[in-house]
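Heads up: the protein sequence lines correspond to chains D and U, in order.
The working numbering puts the first sequence at residues 1 to 477.
The working numbering puts the second sequence at residues 1001 to 1143.
Okay, so here's the structure we're looking at.
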Amino acid sequence: MRFPTLAASAYLGYGLGIGTALFLLSAASFGYYQVQQNLSLLQEKSEIYIDLRRFFSQMQDVETGSRGYLLTGDETYIAPYSAARMAVFETLAALDAQVEDPAQRKRMGELHTLAEDKLETVANTIAIFRERGEAAAVERVRTGQGKRAMDKIRAVIDAAETRQREIIGEIKDLGRWYSTFTMVCLGAATFTIALNGAAIALAINRVSAERRRLLEETQSHLNALEASNAALNRANEELQHFSYVASHDLQEPLRSVSGYVQLLGKRYEGELDEKALGYIAKSNAAAQRMQTLIEDLLAYTRVNTQGRAFERVDTARVLDDTVANLHAAIEEAGATIRRGNLPPVEGDRVQVAQLMQNLVGNAIKFRGERPVEITIDAVREPMAPAERARWRFSIRDNGIGIAPEYLDRIFKIFQRLHTRQEYPGTGIGLALCKRIVERHEGKIWVKSTLGEGTTFYFTLPVLVPGSSLIAMKEGRD
Amino acid sequence: MPINILMAEDNPDDVELTREALVDSKMSIHLDHVPDGVEALRFLRRQPPYENATTPDLVLLDLNMPRKDGREVLNDIRADNALRKLPVVILTTSGSEEDVSTAYGLNANCYIQKPVDFEQFIKVVKAIENFWFTIVKLPPKQH
Chain D
1 MRFPTLAASA
11 YLGYGLGIGT
21 ALFLLSAASF
31 GYYQVQQNLS
41 LLQEKSEIYI
51 DLRRFFSQMQ
61 DVETGSRGYL
71 LTGDETYIAP
81 YSAARMAVFE
91 TLAALDAQVE
101 DPAQRKRMGE
111 LHTLAEDKLE
121 TVANTIAIFR
131 ERGEAAAVER
141 VRTGQGKRAM
151 DKIRAVIDAA
161 ETRQREIIGE
171 IKDLGRWYST
181 FTMVCLGAAT
191 FTIALNGAAI
201 ALAINRVSAE
211 RRRLLEETQS
221 HLNALEASNA
231 ALNRANEELQ
241 HFSYVASHDL
251 QEPLRSVSGY
261 VQLLGKRYEG
271 ELDEKALGYI
281 AKSNAAAQRM
291 QTLIEDLLAY
301 TRVNTQGRAF
311 ERVDTARVLD
321 DTVANLHAAI
331 EEAGATIRRG
341 NLPPVEGDRV
351 QVAQLMQNLV
361 GNAIKFRGER
371 PVEITIDAVR
381 EPMAPAERAR
391 WRFSIRDNGI
401 GIAPEYLDRI
411 FKIFQRLHTR
421 QEYPGTGIGL
431 ALCKRIVERH
441 EGKIWVKSTL
451 GEGTTFYFTL
461 PVLVPGSSLI
471 AMKEGRD
Chain U
1001 MPINILMAED
1011 NPDDVELTRE
1021 ALVDSKMSIH
1031 LDHVPDGVEA
1041 LRFLRRQPPY
1051 ENATTPDLVL
1061 LDLNMPRKDG
1071 REVLNDIRAD
1081 NALRKLPVVI
1091 LTTSGSEEDV
1101 STAYGLNANC
1111 YIQKPVDFEQ
1121 FIKVVKAIEN
1131 FWFTIVKLPP
1141 KQH
């Protein structure tokens, strides 16, 4: 089961969401910046409006100043008149600097000209007043030249003011638009972020709910495994107890039979004929066989009930021990034992020894007419991915061989291919070997040619430091 | 001086076979028999109905007996001040490592697995006799 995480598409979605929010925030910033710019612009264009008014007011000051002087001849009116004259030009200069609109610029040009004309007219009138007196000045005023000039100026100012109001209105509209834009972007960004946040929260919730569920499942699997393990342990203990009891209870009457039969033979030797003694001997032999069978069965169950923890096993040394144990048989058969490089493996030393001894013993036992040659070797088995590395051992002999139709039977318990007279043994040896090999999670198989020889193969785990097999196969003693 | 052996054994056939095996002995051996662990301790402690029992020179102890098994008997013998020096030979069917280990752990003097073959059994009994009563020095008698 896949460990639950967010899907790639989810990440993409959230990425897009956040990206969009960021984009909207940038747009809002841009909008805000524009609003600020707009405010400055508004300020500027309002200044122009103010200056236009100022200009006109100053022109009026010129008028009133000059008129005052013309009416009264009082020199005190000249100062404001002069000041106003200068101010007009200052204002005009300011306007020149600020106005950008082409139509307005044209008007500024006109105002310049008109202002100059008007001021010249006023100056002339004052000069006339000074040179020729009041009457002449008034005559001059009556021509209406001054008034017409002022009217023209007023007209231009009005037009300029109107136009300026328009410009200001446009700027204000733009400003409002940017404001709205900024608000909308901010709103959208907030919404996007909120949406994204909600989606992420939901996803996290879902993922953690899934993870919790996975944990629960794993825990329940663990519980099931523990229960099953406990059950297996109990079954194993029961089996162990059973085989112990069976062995004890089965052997007792055997010994009684064997004992009394032999006592019979001893006590009444003189009184018994050949046949009777023969019966006695055969009864004994049968009891012996029964005993061996019981011992073999016990050994078979003990492979698993009394298996030891795995450790490093030097198979070369094990073979040495085997050869020593089978010393008598080897000599009797005149057998030659050859060996390749035998590696250390991971396993139960006692069981590996049993395995070796059984197979080598068989190789000696099932010999033909030729001098016995036995070869023991080991190669590294090609490893399938995710599998444990193994050594493949081979024990090859040149004995009587096995017919192909029996090859799959021989590993069964108590299976024999020959009579007891031909070859002794209970037929448990190979079943025992198979059980041992399987406890080591290996395989055992055989190749043979009738009359030529047999090779037994079996696999054992490669020794790996800190291996898990060692931890798993804790002995049940 | 006759030698006294107490055999604690639940199988009467085994007792008889042991007696048969001892028949040819040169020594004078007196074999007492109890069928289980409870009787064994009563005998050793001279409790009724064994008030007149003699303390044996050697105990042949089977491990698997009803009521009280050999392991418990051995434990009680070694715990009892009056009895703890008694030579105890475990003579039993079982050959399991665990049983051997337990027996020696409880301080049995030695452990013998009864052979099934009677000839072998006779040899074993004779060997016990030979070892314990001619070679070995037994603990001095306590009265």
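A virtual CB, placed ideally from N, CA and C, is assigned to each residue, including glycine.
| task | Would you list the residues sitting across from U:Asp1062 in a DSSP beta bridge? | result | Within the second sequence, the letter at position 62 stands for residue 1062 of chain U. For U:Asp1062, which the question treats as bridged, DSSP gives no partner whatsoever.
| request: Specify the secondary structure class of D:Ser247 as computed by DSSP and reduced to three states. | output: Position 247 of the first sequence holds residue 247 of chain D. It is helical.
| task | Report back the beta-carbon spacing between D:Thr182 and D:Tyr32 to the nearest angstrom; my notes put them in contact at under 8 Å. | result | The residue labelled residue 182 of chain D in the question sits at position 182 within the first sequence. The residue labelled residue 32 of chain D in the question sits at position 32 within the first sequence. Yes, they are in contact, since the Cβ atoms of D:Thr182 and D:Tyr32 sit about 5 Å apart, within 8 Å.
| task | Quick one: grab the DSSP three-state call for D:Gln60. | result | Taking the first sequence and counting its residues from 1, the one referred to as residue 60 of chain D is at position 60. Helix at D:Gln60.
| request: Check each candidate in D:Pro385, D:Asp321, D:Arg53 and name the one with the smallest Cα separation from D:Arg165. | output: As a first step, residue 165 of chain D is located in the first sequence; it is residue number 165 there, counting from the start. Looking at the Cα atoms, D:Arg53 is the closest of the given residues.
| query | For the putative contact between D:Ile428 and D:Ile374, defined by C-beta atoms under 8 Å, what is the C-beta separation to the nearest angstrom? | reply | Mapped onto the first sequence, residue 428 of chain D falls at position 428. Mapped onto the first sequence, residue 374 of chain D falls at position 374. Actually they do not touch by this definition, with Cβ atoms about 21 Å apart.
| Which chain D residues sit within Cβ distance under 7 Å of U:Ser1096? | The residue given as residue 1096 of chain U occupies position 96 in the second sequence. Correct list: Tyr244.
| task | Answer yes if the stretch 249-256 of chain D comes into contact with the stretch 1115-1122 of chain U, meaning at least three C-beta pairs across the two stretches below 8 Å, and no otherwise. | result | yes
| Would you report the Cα separation of D:Gly144 and D:Met150, rounded to the nearest angstrom? | Position 144 of the first sequence, counted from the first residue, corresponds to residue 144 of chain D. Position 150 of the first sequence, counted from the first residue, corresponds to residue 150 of chain D. Cα to Cα, the separation comes out at about 10 Å.
| message | Can you tell me where the alpha helix (DSSP H) holding D:Gln357 begins and where it ends? | response | Here residue 357 of chain D refers to the residue found at position 357 when the first sequence is read from its first residue. Looking at the DSSP string, the run of the alpha helix (DSSP H) that includes D:Gln357 is 349-365.
| How about D:Val313 and D:Gly347: are their beta carbons less than 7 Å apart? | Stepping through the first sequence from its first residue, residue 313 of chain D is reached at position 313. Stepping through the first sequence from its first residue, residue 347 of chain D is reached at position 347. In contact: D:Val313 and D:Gly347 (Cβ atoms closer than 7 Å).
| query | Helix, strand or coil for D:Glu441 per DSSP? | reply | As a position in the first sequence, residue 441 of chain D is number 441, starting the count at 1. D:Glu441 falls in the coil class under three-state DSSP.
| message | So D:Ala287 contacts chain U; which residues on that side make the cut at Cβ distance below 7 Å? | response | Reading the first sequence from its first residue, position 287 is the one you call residue 287 of chain D. Neighbours of D:Ala287 on chain U, chain order: Val1116.
| query | Cα separation between D:Ala79 and D:His112? | reply | The residue labelled residue 79 of chain D in the question sits at position 79 within the first sequence. The residue labelled residue 112 of chain D in the question sits at position 112 within the first sequence. Cα to Cα, D:Ala79 sits roughly 22 Å from D:His112.
| request: Give the DSSP-derived three-state secondary structure of D:Phe310 in the structure shown. | output: For the purposes of this step, residue 310 of chain D is taken as residue 310 along the first sequence, with counting starting at 1. In the structure shown, D:Phe310 sits in coil (DSSP, three-state: anything other than H, G, I, E or B).
| request: Please name the residue, chosen from D:Gly334, D:Pro343, D:Gln34, that lies closest to D:Ala316 on a Cα-to-Cα basis. | output: Here residue 316 of chain D corresponds to residue number 316 of the first sequence, with the count starting at 1. Checking every option, the nearest Cα to that of D:Ala316 belongs to D:Pro343.
| request: Locate the beta strand (DSSP E) running through D:Pro461, then write down its first and last residues. | output: For this step, residue 461 of chain D is matched to residue 461 along the first sequence. First-last of the beta strand (DSSP E) with D:Pro461: 453-461.
| field | Counterpart residues of D:Arg396 in DSSP-defined beta bridges | value | Numbered from 1 along the first sequence, position 396 holds the residue referred to as residue 396 of chain D. The partner list for D:Arg396 (beta bridge, DSSP) reads D:Thr375, D:Thr455.
| field | Contact with chain U by D:Gly475, beta-carbon distance below 7 Å | value | Walking along the first sequence from the start, residue 475 of chain D turns up at place 475. Because the pLDDT at D:Gly475 is just 47, under 50, the model does not fix this residue reliably, and the value given afterwards should be weighed accordingly. For D:Gly475, not one C-beta of chain U is nearer than 7 Å to its own C-beta.
| field | N-terminal and C-terminal residue of the alpha helix (DSSP H) that U:Arg1019 is part of | value | In the second sequence, the residue the question calls residue 1019 of chain U occupies position 19. Element bounds for U:Arg1019: 1012-1023.
| query | With DSSP run on the structure shown, which of helix, strand or coil describes D:Gly475? | reply | For this step, residue 475 of chain D is matched to residue 475 along the first sequence. Only weak support exists for where D:Gly475 lies, its pLDDT of 47 falling under 50; the value from the coordinates is given anyway. Correct three-state label for D:Gly475: coil.
| query | Would you report the Cα separation of D:Val360 and U:Asp1057, rounded to the nearest angstrom? | reply | Start at 1 with the first residue of the first sequence, and residue 360 of chain D comes out as number 360. Start at 1 with the first residue of the second sequence, and residue 1057 of chain U comes out as number 57. Distance between the alpha carbons of D:Val360 and U:Asp1057 is about 47 Å.
| field | Alpha-carbon to alpha-carbon, D:Thr305 and D:Arg476 | value | On the first sequence, residue 476 of chain D is found 476 positions in, with the first residue counted as 1. On the first sequence, residue 305 of chain D is found 305 positions in, with the first residue counted as 1. Low per-residue confidence applies at D:Arg476: pLDDT is 43, beneath 50, and the placement is therefore not dependable, though the value from the model is reported in the following sentence. If I take the Cα positions, the gap works out to 6 Å.
| Three-way DSSP call (helix, strand, coil) for D:Gln415 in this model | Your numbering for residue 415 of chain D matches position 415 in the first sequence. D:Gln415: coil per DSSP, three-state reduction.
| query | Should D:Lys263 be flagged as near chain U, meaning a C-beta pair shorter than 7 Å? | reply | As a first step, residue 263 of chain D must be located in the first sequence, where it is residue number 263. Per the sequence presented here, residue 263 of chain D reads as Leu, with Lys not at that position. Yes, because at least one Cβ of chain U sits closer than 7 Å to the Cβ of D:Leu263.
| query | In whole angstroms, what is the alpha-carbon distance linking D:Ile364 and D:Arg396? | reply | Numbered from 1 along the first sequence, position 364 holds the residue referred to as residue 364 of chain D. Numbered from 1 along the first sequence, position 396 holds the residue referred to as residue 396 of chain D. Computed Cα separation, rounded: 11 Å.
| In chain U, what lies closer than 7 Å to D:Gln251 by C-beta? | The sequence position of residue 251 of chain D within the first sequence is 251, counting from 1. Close partners of D:Gln251 in chain U (Cβ separation under 7 Å): Thr1093, Val1116.
| message | Quick check on the DSSP output: the alpha helix (DSSP H) that includes D:Gln288 runs from which residue to which? | response | Sequence index remark: in the first sequence, residue 288 of chain D carries index 288 (1-based). Taken as a continuous stretch (DSSP letters only), the alpha helix (DSSP H) holding D:Gln288 covers 274-305.
| query | Would you say D:Ser256 faces chain U, with C-beta separation under 7 Å as the test? | reply | The residue you call residue 256 of chain D lines up with position 256 of the first sequence. Yes, D:Ser256 counts as interfacial toward chain U.
| task | Kindly confirm or deny that the stretch 1037-1045 of chain U and the stretch 278-287 of chain D touch, where touching means at least three C-beta pairs closer than 8 Å. | result | no
| Residue from D:Leu39, D:Ile376, D:Ala378, D:Pro461 whose Cα sits closest to the Cα of D:Glu387 | On the first sequence, residue 387 of chain D is found 387 positions in, with the first residue counted as 1. It is D:Pro461.
| message | Which residues of the stretch 1064-1092 of chain U have a Cβ closer than 9 Å to any Cβ of chain D? Give them in chain order. | response | Asn1064, Thr1092
| field | Cβ-Cβ separation, D:Ala160 to D:Arg107 (assumed contact under 8 Å), whole Å | value | Mapped onto the first sequence, residue 107 of chain D falls at position 107. Mapped onto the first sequence, residue 160 of chain D falls at position 160. That belief holds up - the Cβ atoms of D:Arg107 and D:Ala160 are roughly 5 Å apart, short of 8 Å.
| query | Would the beta-carbon of U:Pro1087 fall within 7 Å of that of U:Asn1109? | reply | As a first step, residue 1087 of chain U must be located in the second sequence, where it is residue number 87. As a first step, residue 1109 of chain U must be located in the second sequence, where it is residue number 109. The Cβ-Cβ distance between U:Pro1087 and U:Asn1109 falls below 7 Å.
| request: Put U:Gln1113 into one of helix, strand or coil per three-state DSSP. | output: Counting from one through the second sequence, the residue named residue 1113 of chain U turns up at place 113. In this structure, U:Gln1113 counts as strand in the three-state DSSP scheme.
| Taking 7 Å as the CB-CB limit, is D:His478 close to chain U? | What the structure shows of chain D is the stretch from 1 to 477, and residue 478 of chain D is not part of that stretch, so it cannot be assessed.
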